[in-house]
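If you count the first sequence from 1, position 434 lands on 434 in the working numbering, and the numbers rise without skipping. Here a beta-carbon is modelled for each residue, glycine too, at the ideal position from N, C-alpha and C. No experiment lies behind these values; they were computed from the predicted model shown. These notes are about the structure you will find just below.
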Amino acid sequence: MRSLLKRLPCLAAPRRGCRCLHSHSNRRPLLSTFSRLCDDGPLPAALALLPDLAAAGVRADPVSLCRLIKLCVRHGTASDGRLIHGHVSGASNTVGGAPHNSLFVSNSLVSMYAKFGLLDDALELFGGMPQRNVVSWTTVVAALAGAGGRKEEALRFFVDMQRDGVAPNSYTYSSVLGACGTPRVLAAVHASVLKVGLDSDVFVRSSLIDAYMKLGDLDSGRKVFDEMVTRDLVVWNSIIAGFAQSGDGVGAVELFMRMKESGFSSNQGTLTSVLRACTGMVMLEVGMQVHAHVLKYDRDLILHNALLDMYCKCGSLQDADSLFKRMPQRDVISWSTMVSGLAQNGRSTEALKVFDLMRSEGPAPNRITMVGVLFACSHAGLVGDGWYYFRSMEKLFGIQPEREHFNCMVDLLGRAGKLDGAVKFISEMNFEPDLVIWRTLLGACRMHKNANLAAYAAREILKLEPEDQGARILLSNTYADLRQWSDAEKSWKAMRHQGAKKEPGRSWIELGKQVHVFIAGDFSHPCSAGIVQELNRLIRRVTDLGYVPQTEFVLQDLESEQKEDLLKYHSEKLAVAFGTMNSVEGKPVRIMKNLRICGDCHSFVKLVSKSEGKVIIIRDPVRFHHFHDGVCSCGDYW
DNA sequence: GTAGGGTTAG
Numbered sequence: 001m002r003s004l005l006k007r008l009p010c011l012a013a014p015r016r017g018c019r020c021l022h023s024h025s026n027r028r029p030l031l032s033t034f035s036r037l038c039d040d041g042p043l044p045a046a047l048a049l050l051p052d053l054a055a056a057g058v059r060a061d062p063v064s065l066c067r068l069i070k071l072c073v074r075h076g077t078a079s080d081g082r083l084i085h086g087h088v089s090g091a092s093n094t095v096g097g098a099p100h101n102s103l104f105v106s107n108s109l110v111s112m113y114a115k116f117g118l119l120d121d122a123l124e125l126f127g128g129m130p131q132r133n134v135v136s137w138t139t140v141v142a143a144l145a146g147a148g149g150r151k152e153e154a155l156r157f158f159v160d161m162q163r164d165g166v167a168p169n170s171y172t173y174s175s176v177l178g179a180c181g182t183p184r185v186l187a188a189v190h191a192s193v194l195k196v197g198l199d200s201d202v203f204v205r206s207s208l209i210d211a212y213m214k215l216g217d218l219d220s221g222r223k224v225f226d227e228m229v230t231r232d233l234v235v236w237n238s239i240i241a242g243f244a245q246s247g248d249g250v251g252a253v254e255l256f257m258r259m260k261e262s263g264f265s266s267n268q269g270t271l272t273s274v275l276r277a278c279t280g281m282v283m284l285e286v287g288m289q290v291h292a293h294v295l296k297y298d299r300d301l302i303l304h305n306a307l308l309d310m311y312c313k314c315g316s317l318q319d320a321d322s323l324f325k326r327m328p329q330r331d332v333i334s335w336s337t338m339v340s341g342l343a344q345n346g347r348s349t350e351a352l353k354v355f356d357l358m359r360s361e362g363p364a365p366n367r368i369t370m371v372g373v374l375f376a377c378s379h380a381g382l383v384g385d386g387w388y389y390f391r392s393m394e395k396l397f398g399i400q401p402e403r404e405h406f407n408c409m410v411d412l413l414g415r416a417g418k419l420d421g422a423v424k425f426i427s428e429m430n431f432e433p434d435l436v437i438w439r440t441l442l443g444a445c446r447m448h449k450n451a452n453l454a455a456y457a458a459r460e461i462l463k464l465e466p467e468d469q470g471a472r473i474l475l476s477n478t479y480a481d482l483r484q485w486s487d488a489e490k491s492w493k494a495m496r497h498q499g500a501k502k503e504p505g506r507s508w509i510e511l512g513k514q515v516h517v518f519i520a521g522d523f524s525h526p527c528s529a530g531i532v533q534e535l536n537r538l539i540r541r542v543t544d545l546g547y548v549p550q551t552e553f554v555l556q557d558l559e560s561e562q563k564e565d566l567l568k569y570h571s572e573k574l575a576v577a578f579g580t581m582n583s584v585e586g587k588p589v590r591i592m593k594n595l596r597i598c599g600d601c602h603s604f605v606k607l608v609s610k611s612e613g614k615v616i617i618i619r620d621p622v623r624f625h626h627f628h629d630g631v632c633s634c635g636d637y638w
């Protein structure tokens, strides 16, 4: 009887004002139409029925309402959502019987507000709910964990729910793990996962992996992964993405291979991470193999942008360009990638041309596009163009210059040797210069051998960051450039005092499916003997073309023979020798470096490209050098 | 009704 009453609410507790007698004949069709529209849409038609329902005093069932809310999240707007919310809270007063806005519906509404980014509305609704269950709490925790800057609140709600006697479930844990921003908190939550026995849940596991990886704790992430019995695709993707993001590209690719061996096929997420790994390590060969898999996702813009970036960062501009032209859609990211890709590869004029094309037929540029544009100007010494774009950013594109753009301008002026202009520019900024700005200025001082200004910039850096060894290194290198050995030594001493070491120069090169690493002055590579032999051969060849070791690039006060020796075994020279001895006819040699290439290696590689008739591409942390027939794409301006 | 993985610059 009770269930019958539930199904026919008009028979239960008839009240004054209830219009059931009149509307009985059409309320069922009304309800069933509404319920059908909630299932399949269209949303506007379903929304249009809400006033009719209210007028007829008909109460929609919670299941339909929840579906309607979902439909609204998918196809509607926040104001549609508010409309539904308004209907639900109003309707609860019109009909007797059980409370209308059931817990289910309220939970859906909270989730809806969160998905529209209206976190405060979500929290307000949550705060006013008469009851809350684990779903309500989890919805809020997930919303806060997903919002940048509100992770602390997510953790607080996670604690509060337990104080309230509500036990977290696997949904809650996988949400809250995204809010664990310190190793301590993560360890505590992990312990709690183990205690309640949810550690075999794949969702919880993948969140755990992701959380460890995001904190840079690869070992713990790997451990959680290795201990898993049943893995799914997302778990594989989590671990691969973690390795790719932490800069262990080789590890990421190895895991990708293992994943395929285990019989999993990749999806867009996997491929994007693997591409990122390839991009980071200049693994063009692997990247091109991934390209073959990408073909079947021709509508995935993210994936295509990643592919585009991979080609740019591997210095393969033809591939990037032809991909860019063939892409079915291009968004602001595709265009920005192309602009900065060209700029970093020393093709500033083309970068600015692409930008012009973007202005006429592409999407509106954003602040990142403008960083690329200014980068193009600064690396080609186009001071006038740089000023023009900087000054007109706001008027032409509605983009207010931010710190990053100011920094580009300091770089532009500094690189062009206008150090006084750069200092003036800094002093006229309407905010305090930060570390990045001072470092940029310091880099320019090093480039133009201005020790006084370098010392000033370094002092400013050390004021902000007393442990900053990079500043001391740059400063001492500047002194060394000028052969002011005692000043250089002072700076080195300060560093040694703080227990710092200069980061060793490292170069990478991909051969087949392997990545070979070379460290300056290190001969542990199995082919070392052959490499040194090849290097000597190259040195003889380029000496005939006029190469003289430029020992001023060895930045320590040593006897000149020792200096030559140190120079000779810079990591990029070892990598170049390895590259030429294993090179394939018609294919460029591609090398990646962790530090900026030194002037001596730069002229050495120029000559090697001539004597061997080989294109050599070296990518350093900020830009690319394409060496071809004795010339470098950077025009010796870097 | 609630949950996990991916892009651009510096």
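Residue environment analysis places ALA529 among the exposed positions, since fewer than 16 neighbouring C-beta atoms fall within 10 angstroms of its C-beta.
The three-state reading of DSSP puts ILE531 in helix, counting H, G and I together. Beta-bridge partners of GLN289 (DSSP): none assigned. According to the DSSP secondary-structure assignment, MET592 is paired through a beta bridge with TRP508, ARG619. About 5 Å separates the beta carbons of LEU595 and GLY505, which is inside the 8 Å limit, making them a contact pair. Assignment of CYS632 by DSSP, reduced to helix, strand and coil, places it in the strand class. Counting C-beta pairs with one atom in each stretch, the stretch 263-270 and the stretch 236-247 have three or more that are closer than 8 Å, which means they touch.
Secondary structure of ILE473 (DSSP, three-state): helix.
Ranked by how close their Cα comes to the Cα of ALA46, the residues ALA292, THR543, LEU31 have LEU31 in first place.
Counting along the chain, the unbroken beta strand (DSSP E) around PHE518 starts and ends at 514-519. Under DSSP, the beta-bridge partners assigned to HIS625 are ILE618.
Beyond the five residues adjoining it in sequence on each side, PRO183 comes within less than 8 Å, by CB distance, of LEU215, ASP217 in the same chain, given in chain order.
Judged by their CB atoms, CYS377 and SER348 are nearer to each other than the 8 Å cut-off.
A direct Cα-Cα distance of roughly 9 Å separates LEU462 from ARG472.
Taking C-beta separations shorter than 7 Å and ignoring five residues to either side along the sequence, the partners of GLY247 in its chain run GLY280, following chain order. In this structure, ALA416 lies away from PHE375, with their beta-carbon atoms at least 8 Å apart. Unbroken beta strand (DSSP E) runs of no fewer than 3 residues, entirely contained in the stretch 410-435, are not found.
The C-beta separation of SER609 from HIS628 comes to about 6 Å, placing the pair in contact by the 8 Å criterion. Residue state for ILE333 is assigned as helix, using DSSP reduced to three classes. Taking C-alpha positions only, GLU465 is separated from ASN366 by approximately 31 Å.
In this structure, DSSP gives LEU118 a state outside helix and strand, which the three-state scheme calls coil.
Around the beta carbon of ALA48, a 10 Å sphere encloses fewer than 16 other beta carbons of the protein chains shown; the residue is thus reported as exposed. In this chain, PRO130 is not harboured by any alpha helix (DSSP H), its DSSP state being neither H nor E. Here DSSP, grouped into helix, strand and coil, assigns GLU467 to coil.
DSSP, read as helix, strand or coil, puts ASP39 in helix. Going by C-alpha positions, ALA454 is about 30 Å away from VAL631. Here GLU559 carries a coil assignment [DSSP, helix/strand/coil].
Looking from the CA of ARG28, the closest CA among PRO42, CYS38, LEU43, LEU53 belongs to LEU53. Nearest C-alpha to GLY146 among ARG132, VAL166, ALA179: ALA179. Beyond the five residues adjoining it in sequence on each side, THR369 comes within less than 8 Å, by CB distance, of VAL332, TRP335, SER336, VAL339, PHE355, MET358 in the same chain, given in chain order. Of the candidates LEU198, VAL73, VAL250, HIS87, HIS87 places its Cα closest to the Cα of VAL58. The shortest CA-to-CA distance from SER206 to any of VAL185, HIS291, PHE264, TYR173 is the one to TYR173. For the pair of segments examined, the stretch 301-309 was found not to touch the stretch 520-534: the number of CB pairs separated by less than 8 Å stays below three. Between the beta-carbon of GLU467 and that of TRP438 there is about 15 Å, and that puts the pair past the 8 Å contact cut.
Cα atoms of SER192 and GLU152: separation of roughly 18 Å, rounded to the nearest angstrom. Under the three-state reduction of DSSP, ARG347 is assigned to coil, being neither helix nor strand.
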